[in-house]
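Enquirer: Structure provided below as structure tokens; questions to follow.
Protein chains in written order, with my numbering: chain A, 1 to 252; chain B, 1001 to 1379; chain C, 2001 to 2293; chain D, 3001 to 3295.
Next up, the structure:
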């Protein structure tokens, strides 16, 4: 078990965005979080990554309590996320965008003075490692391009490559194929599966149903902030409660 | 990846080349033709002290025009080059370096602002160039070097004369000072306090005002609270203080050093500026002496307004230097010694004598403002 | 007796800062950048009023109107040539701040070129101020304070009641939404510049009457105006006027105790304290809540 | 000897290069809109001058003390001001520059206020005092070292984080960067070099007073990196050269003397506005890389 969320709750001015939400993520598996718009999916991501604090509930990640930790402390524990709206650094090159997630210890100012050789050496190692990830996502030739000069698709791939570059075991992907053409969607799916095979655990928010069904080992359905169903994709597909949630059936 | 011809970088380099070429062209144009004596002048032509800088420039131009009209010095015309320093020492030093090294001038008139004079003095001294300022009053200039002269009486004698006048003539026993927060204001105020307390008087408060300030009300209020017998108002741009004092109903007798007499005093302060006693170098714009009235006419015809003391000082400075040039051509050591030897020169700005530090000793008189006129009062 | 005079001194200085602050925050409200050019408009208006009245000998009221038109025309010109191209290119507000400083230097440079460095004055007769309830205040000083109060009330009513005022506030809140519901953004921006320039011009002329005019006085005045609008509440134009009065008072009371050399420093220390602890200012309310209320 | 005039200009350019390059580290690289850079310049100058005049500490220790004190002042003001953003940081630092200048002007017991500090000794080494030519060499060494260090910093991982903070501080924070610490370090390093420039200026002109360190000086340095190009050391150097040389040719043109001052101010401001409108990334701006890389 990598991540365990127990009776999580978050109230935004009277509206319960997340209400008594419980789920677990298995090691080395792809789990997707689905649900109609406003079901609280991104809020759950924000709660896990510490951007916002929950009113109630606990989040355990490999034995650590995440609630109350600052975002950059959670990131250092090995949990990284991508953003719905791509948060790359526009005027930095693709390589620089990736190196930024890796070189935390190299970036101290005192290292610059006391051990410049160590920095140059580790920088090269980082660069090689990042090239591998760029090759994995298929855009190695763009490493020197400014992020803002990449196409939308290439930026999506770079965002994934950057998440990989953190070497963190658990990656949270917020709509990795949102607004992407079908050819690229399949390409991203293969990449994500390859990443899982390399030992990573993925938690994905996505709307595209056939993408979800093809890629997920387990699907969790969220509606009005609570988990209404979870299990393998086939079981979820014809679960009555899930259809009601999506089709807006009889609201209690 | 081949670097494309980068259009903006070319503009950058072109701008730099243009700048350098224009400086070099400037140099060539500037070469000194044999029959001319070049004199440099560094004045504050912009910024808050621009008014005084331009006054000095007018005095210099008037004198140079006159000398050139009757044949220049030993047949050589004087060419004056004005540079602006805007009261910023770095600019003054750049101007001095240009005047000394490019225009090859041996004499620099100015600078106007004391901070600039302090910065230029070492440069002039090092290059054995005469620096003659008709206006900077910073006391430290006295020890700035052998080639450094000034024909403006520094703060000390003015304040001593006014302190005595206040204590003995006006029987004032308590006083307050309101001075401009610049070197001249500070030295006027300190010297006045030293002398007044030596005579047995008591100083109630000392208030400073910043250069360029227009609102003196709160400082005046502090002084009004203490109700001194006399207020010593020291520093240029003080007309508004007098106006606001009268507006605040302050009837205390105001006394001042030479900075009071500015052409626009009555335009700004109107009748409220009447009845003020102040010390002045013996330059009396409407004195009957031939040399002064002749100068005043020429000044008025050329500039349409009465000359002030700094313009008169500048005029004298040029005249003194032209006499020295007549004797020594451009040998600055000879000019230096000549200037030191000047005794009782009948200058427009008063009878001038130089002491061993290049400071000027001029007799001071007490004047009074009466129905919008600057009137002689006593010696 | 001294204390009431101190308050009046503060109000007189505060009235000047208040007028300039209102001119400053009007522009900030619409185009969200700190525009230093009202300082130059302030000086231009004072000098043109001086030129029309004293040099050309026109009646003071005509000179006043002509000076305001000159100031407004200059402000519109600046908006057209300098600010609109920058806004079109979506340059950040700091670039606009720097451009407005460049404009300030150019305008004051030209004034120096035309009028020279002499200090000018309208030459009004100097009379002892009226003596009432323990303090002394002159006619022009009264007009100054009254004008700033009138402008304060006027702006309050204008922004709340008139159609134009509401449109301005809508634009201040969210330009896209405003243009969405049919507000002609270009027209409103120009009108804002006109009102802002007029206010700066009035401030300049009144100061010209009260003290005297020189080409240097604009820079410190606009910095104080900026401080006032931050303290009052940058999103809220009438509040800027109150900010101005506060600075005037605190400065004058401050130098009663501290050496008067620290006058400007006092205003900027207040600015820094507000920026750190209460950037919204005293009355500043997030413009979103204000309009959606 | 004409070259003395050029040497003087080159020395000024050298000092302004250090100021522009150091400001570029904070403003161009990290996006800190610091309009109070002149305050660090002033502290460096006054520290070095006062140490030399009162305790006759030689320049070689004075300039370091100047840099360190300026850096400490930067650390002091960083904590409260660095949480401000954009324009608010700009006017807060502008306010700071005014406050520092008025302290210099009014704390007469320490700084002699407007009387300034005359007679600051020129640096000396083994009996040889640095004068014009030799001073130029000293300034060149200092400015080259400063540019190399700042270039090295901007190219290092540390510099990369600064650029990330400039681009999107929130995103940088979510990647685990303690942005306040990095911004403070950027400001402190930038202040250190500005302090050294102040000391170099004081020991060259041998006289300093509050008027030299007015807010307008800050705006001049900012214009240098805007004209030269934000976020590039080469840009800062070009900007410094152009804006220092710009007013010089005016001296040689036959303009009526009363107009010289006004024209100089108009010309300099006009160039700034034109560059802002026509070429926001400045003549040597780093953003030009964008065109090279974009296929």
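Ideal Cβ placement from N, Cα and C applies to all residues, glycine included.
1) Please check if any C-beta of chain D sits within less than 7 Å of the C-beta of residue 161 (chain A).
2) Using a cut-off of 9 Å between C-beta atoms, extract the partners of residue 3059 (chain D) located in chain A.
3) Could you check where the beta strand (DSSP E) with residue 2089 (chain C) kicks off and where it finishes?
4) Suppose contacts are defined by Cβ-Cβ distances below 7 Å. Is residue 1060 (chain B) in contact with residue 1041 (chain B) by that definition?
5) For a test of the three-state rule: what should DSSP assign to residue 1147 (chain B), helix, strand or coil?
6) May I have the straight-line CA-CA distance separating residue 3127 (chain D) from residue 1125 (chain B), to the nearest angstrom?
7) Could you list which residues in chain C have their beta carbon closer than 7 Å to that of residue 3168 (chain D), in chain order?
8) Hey, is residue 2258 (chain C) close to the ligand FAD, as in C-beta under 6 Å from one of its heavy atoms?
9) State the Cα-Cα distance for the pair residue 2279 (chain C) and residue 3043 (chain D), rounded to the nearest angstrom.
10) Please classify residue 94 (chain A) as buried or exposed, where buried requires at least 16 neighbouring CB atoms within 10 angstroms.
11) Using the rule of at least 16 other Cβ atoms within 10 Å of the residue's Cβ for burial, across every protein chain shown, is residue 1313 (chain B) buried or exposed?
12) Beta-carbon of residue 1045 (chain B) versus every beta-carbon of chain D: anything under 7 Å?
13) So, for residue 144 (chain A): in the same chain, excluding its five sequence neighbours on each side, which residues have a beta-carbon less than 7 Å away from its beta-carbon?
14) Per the contact definition of three or more C-beta pairs closer than 8 Å, is the region 1333–1341 of chain B in contact with the region 1085–1097 of chain B?
15) Report yes or no: is there a C-beta of chain B within less than 7 Å of the C-beta of residue 3097 (chain D)?
16) Pick from C:2132, C:2248, C:2080: whose alpha carbon is nearest that of residue 2190 (chain C)?
17) Kindly indicate if chain D contains any beta-carbon less than 7 Å away from that of residue 2168 (chain C).
18) Please classify residue 1244 (chain B) as buried or exposed, where buried requires at least 16 neighbouring CB atoms within 10 angstroms.
19) What does DSSP give as the partner residue(s) for residue 2140 (chain C) in the beta ladder?
20) Taking 7 Å as the CB-CB cut-off, is residue 2091 (chain C) touching chain B?
21) Using DSSP's beta-bridge definition, name the partner residues of residue 65 (chain A).
22) Please confirm if residue 2214 (chain C) has its CB atom under 7 Å from at least one CB of chain D.
23) Does residue 1050 (chain B) get closer than 7 Å to chain C when you measure Cβ to Cβ?
24) According to DSSP, is residue 215 (chain A) helix, strand or coil?
25) With a cut-off of 7 Å, does the C-beta of residue 89 (chain A) fall near any C-beta of chain D?
26) Cβ of residue 3064 (chain D) less than 7 Å from any chain A Cβ?
27) Return helix, strand or coil for residue 80 (chain A), following the three-state DSSP convention.
28) Closest to residue 2158 (chain C) by C-alpha separation, out of C:2238, C:2009, C:2258, C:2266, would be which residue?
29) Taking only beta-carbon atoms, is residue 71 (chain A) less than 7 Å away from chain D?
30) Taking only beta-carbon atoms, is residue 1093 (chain B) less than 7 Å away from chain F?
31) Quick one: what's residue 2099 (chain C) bridged to in DSSP?
32) Give a yes or no on whether 7 Å exceeds the smallest Cβ distance from residue 3046 (chain D) to chain C.
33) Mind checking whether residue 1364 (chain B) and residue 1161 (chain B) have CB atoms under 7 Å apart?
34) In chain order, what residues of the region 3067–3083 of chain D put their CB closer than 8 Å to some CB of chain C?
35) With a CB to CB cut of under 8 Å and the five nearest residues on each side skipped, what residues in its chain are close to residue 3215 (chain D)?
36) Please state the DSSP three-state secondary structure of residue 1261 (chain B).
Expert: Taking the definition as stated:
1) Reading the first chain from its first residue, position 161 is the one you call residue 161 (chain A). No, residue 161 (chain A) does not count as interfacial toward chain D.
2) Looking up residue 3059 (chain D) in the fourth chain gives position 59. What residue 3059 (chain D) touches in chain A: nothing, since even the nearest Cβ is about 24 Å away.
3) Against the third chain, residue 2089 (chain C) aligns to sequence position 89. Taken as a continuous stretch (DSSP letters only), residue 2089 (chain C) belongs to no beta strand (DSSP E), as it is neither H nor E.
4) Position 60 of the second chain, counted from the first residue, corresponds to residue 1060 (chain B). Position 41 of the second chain, counted from the first residue, corresponds to residue 1041 (chain B). Yes.
5) Within the second chain, numbered from 1, the residue matching residue 1147 (chain B) stands at position 147. DSSP places residue 1147 (chain B) in coil when its eight states are reduced to three.
6) On the fourth chain, residue 3127 (chain D) is found 127 positions in, with the first residue counted as 1. On the second chain, residue 1125 (chain B) is found 125 positions in, with the first residue counted as 1. About 21 Å.
7) Here residue 3168 (chain D) corresponds to residue number 168 of the fourth chain, with the count starting at 1. Near residue 3168 (chain D) there are no residues of chain C at all, since even the closest Cβ is about 13 Å away, more than 7 Å.
8) Looking for the ligand FAD in the displayed structure turns up nothing, as the structure carries no ligands at all.
9) On the third chain, residue 2279 (chain C) is found 279 positions in, with the first residue counted as 1. On the fourth chain, residue 3043 (chain D) is found 43 positions in, with the first residue counted as 1. Using only the alpha carbons, I get a separation of about 28 Å.
10) Taking the first chain and counting its residues from 1, the one referred to as residue 94 (chain A) is at position 94. Buried: at least 16 other Cβ atoms inside 10 Å.
11) Locating residue 1313 (chain B) in the second chain gives position 313, where the first residue counts as 1. The residue in question, residue 1313 (chain B), is buried, as its Cβ has 16 or more Cβ neighbours within 10 Å.
12) Sequence index remark: in the second chain, residue 1045 (chain B) carries index 45 (1-based). It does: the Cβ of residue 1045 (chain B) has a partner Cβ on chain D nearer than 7 Å.
13) In the first chain, counting from the first residue as 1, residue 144 (chain A) sits at position 144. Only 93, 95 meet the Cβ criterion.
14) no
15) Taking the first residue of the fourth chain as position 1, residue 3097 (chain D) is located at position 97. No, its Cβ sits nowhere closer than 7 Å to a Cβ of chain B.
16) Numbered from its first residue, the third chain carries residue 2190 (chain C) at position 190. Ranking the options by Cα distance to residue 2190 (chain C), first place goes to C:2080.
17) For the purposes of this step, residue 2168 (chain C) is taken as residue 168 along the third chain, with counting starting at 1. Judged by the 7 Å Cβ criterion, residue 2168 (chain C) is not in contact with chain D.
18) Residue mapping note: residue 1244 (chain B) aligns to position 244 of the second chain, counting from 1. It is buried - the Cβ of residue 1244 (chain B) has at least 16 other Cβ atoms within 10 Å.
19) The sequence position of residue 2140 (chain C) within the third chain is 140, counting from 1. For residue 2140 (chain C), which the question treats as bridged, DSSP gives no partner whatsoever.
20) On the third chain, position 91 is the one that residue 2091 (chain C) refers to. Residue 2091 (chain C) does not count as touching chain B.
21) Taking the first residue of the first chain as 1, we reach residue 65 (chain A) at position 65. A:60.
22) Here residue 2214 (chain C) corresponds to residue number 214 of the third chain, with the count starting at 1. By this cut-off, residue 2214 (chain C) is not an interface position.
23) Residue mapping note: residue 1050 (chain B) aligns to position 50 of the second chain, counting from 1. True, the Cβ-Cβ gap to chain C drops below 7 Å.
24) Translated into the one-based positions of the first chain, residue 215 (chain A) becomes position 215. Reduced to three states, the DSSP call for residue 215 (chain A) is helix.
25) Here residue 89 (chain A) corresponds to residue number 89 of the first chain, with the count starting at 1. For residue 89 (chain A), the answer is yes, since a Cβ of chain D falls inside 7 Å of its Cβ.
26) On the fourth chain, position 64 is the one that residue 3064 (chain D) refers to. No, residue 3064 (chain D) does not count as interfacial toward chain A.
27) Numbered from 1 along the first chain, position 80 holds the residue referred to as residue 80 (chain A). Residue 80 (chain A) falls in the strand class under three-state DSSP.
28) Residue 2158 (chain C) sits at position 158 when you count from the first residue of the third chain. The candidate whose alpha carbon is nearest that of residue 2158 (chain C) is C:2238.
29) As a first step, residue 71 (chain A) must be located in the first chain, where it is residue number 71. Yes, contact with chain D.
30) Of the chains in the structure shown, none is chain F; the protein chains are A, B, C and D.
31) Numbered from 1 along the third chain, position 99 holds the residue referred to as residue 2099 (chain C). BP columns for residue 2099 (chain C) are empty, so no partner.
32) Translated into the one-based positions of the fourth chain, residue 3046 (chain D) becomes position 46. Not an interface residue.
33) Within the second chain, numbered from 1, the residue matching residue 1364 (chain B) stands at position 364. Within the second chain, numbered from 1, the residue matching residue 1161 (chain B) stands at position 161. Result yes, Cβ atoms of residue 1364 (chain B) and residue 1161 (chain B) sit closer than 7 Å.
34) 3080, 3081, 3083
35) One-based indexing of the fourth chain puts residue 3215 (chain D) at position 215. Here the set comprises 3035, 3038, 3094, 3097, 3098, 3101.
36) Here residue 1261 (chain B) refers to the residue found at position 261 of the second chain. Reduced to three states, the DSSP call for residue 1261 (chain B) is coil.
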